[in-house]
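Engineer:
Quick look at the structure:
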């Protein structure tokens, strides 16, 4: 498999809670947000944090400064994880031509639904090119946003990696500790074995997914903490 060079990534943990008897979704909130820069001359994060607005209401504040505009060729690797014995790949693992996706979003219905959730809160809600910084402001989740994707109660992690201009090069990624009480934070969750694995451009998508399953285990303290640090 050929993989694009990652310029920056965003990792988001979401919790879904249901009313025990009725089975209706009653609470959904952001639990953690992590951003990682891989190419600072291309893009940097001015903001990347969650803000408590009210009880059980948390909003996202994100500002990506783009330094080489306009951008009319964007690759997006989007993957969904579900918490079980650690975080495991769950249903969706897709690499998109983001500019083409914005033109014809119905070709990837799940990610269209996800993007529709954030669209009212971002200035990235248009087709390419992008000649400005990318901002997500005051985005909070509501139960009715999930009517079209009735997932079971659990914690879910969405991992997004962005690249541009089809610069193909494998890049590893991970989640860092969200708590300031843990000093330097965590090392890359994938570890040396994954890094060596990812550098093999002949690896196919199934092998990559297996590697994710292997390294997102219950013994990974970083990813487990990411599930409950609010």
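Residue numbers (this note's numbering): -11 to 218. Backbone N, C-alpha and C fix where the C-beta goes; we use that ideal spot for every residue, glycine too.
If the criterion is Cβ atoms closer than 8 Å, does the pair residue 41 and residue 17 meet it?
Structural biologist: Contact: no.
Engineer: If I measure Cβ to Cβ from residue 71 and keep anything under 8 Å in the same chain, skipping five residues before and after, which residues do I get?
Structural biologist: Once the five neighbours on either side are set aside, the close Cβ partners of residue 71 are 142, 143, 144, 145, 215.
Engineer: Any idea what DSSP makes of residue 110, helix, strand or coil?
Structural biologist: It is a strand residue.
Engineer: Taking the straight line between their C-alpha atoms, what separation do you get for residue 77 and residue 66?
Structural biologist: Approximately 11 Å, taken between the alpha carbons.
Engineer: Could you confirm whether any beta carbon from chain B is found closer than 8 Å to the beta carbon of residue 30?
Structural biologist: Among the protein chains of the structure shown there is no chain B, as only one such chain exists.
Engineer: Determine the contact status of residue 147 and residue 69, defining contact as a CB-CB distance below 8 Å.
Structural biologist: Yes. Within cutoff.
Engineer: State buried or exposed for residue 37, treating a residue as buried only when at least 16 other CB atoms are found within 10 Å of its CB.
Structural biologist: Residue 37 should be labelled exposed.
Engineer: Looking at residue 84: is its Cβ nearer than 8 Å to the Cβ of residue 64?
Structural biologist: In this structure, residue 64 lies closer than 8 Å to residue 84 by Cβ.
Engineer: Could you spell out where the alpha helix (DSSP H) holding residue 88 opens and where it closes?
Structural biologist: Its alpha helix (DSSP H) spans residues 86 to 91.
Engineer: Report the CB separation of residue 102 from residue 127 in whole angstroms; it is logged as a contact under 8 Å.
Structural biologist: 12 Å between Cβ atoms; not a contact.
Engineer: Since residue 98 and residue 75 are thought to touch, with beta carbons under 8 Å apart, how far apart are those beta carbons, to the nearest angstrom?
Structural biologist: About 18 Å; that fails the 8 Å criterion.
Engineer: Reducing DSSP to helix, strand and coil, say where residue 17 ends up.
Structural biologist: In this structure, residue 17 counts as strand in the three-state DSSP scheme.
Engineer: Should residue 111 go down as buried or exposed, given a rule of 16 or more other Cβ atoms within 10 Å for buried?
Structural biologist: It counts as exposed.
Engineer: Please say whether residue 119 and residue 51 have beta carbons closer to each other than 8 Å?
Structural biologist: Against a cut-off of 8 Å, the Cβ pair of residue 119 and residue 51 comes out as no contact.
Engineer: State the beta-bridge partners of residue 81 as determined by DSSP.
Structural biologist: Bridge partners of residue 81: 67.
Engineer: Going by alpha carbons, who is nearest to residue 21 out of 130, 35, 138, 28?
Structural biologist: Of 130, 35, 138, 28, the residue nearest in Cα terms is 35.
Engineer: Starting from residue 145, trace the beta strand (DSSP E) both ways and give me its first and last residue.
Structural biologist: Counting along the chain, the beta strand (DSSP E) containing residue 145 begins and ends at 142 to 152.
Engineer: For residue 62, which residues does DSSP report across the bridge?
Structural biologist: Beta-bridge pairing links residue 62 to 152.
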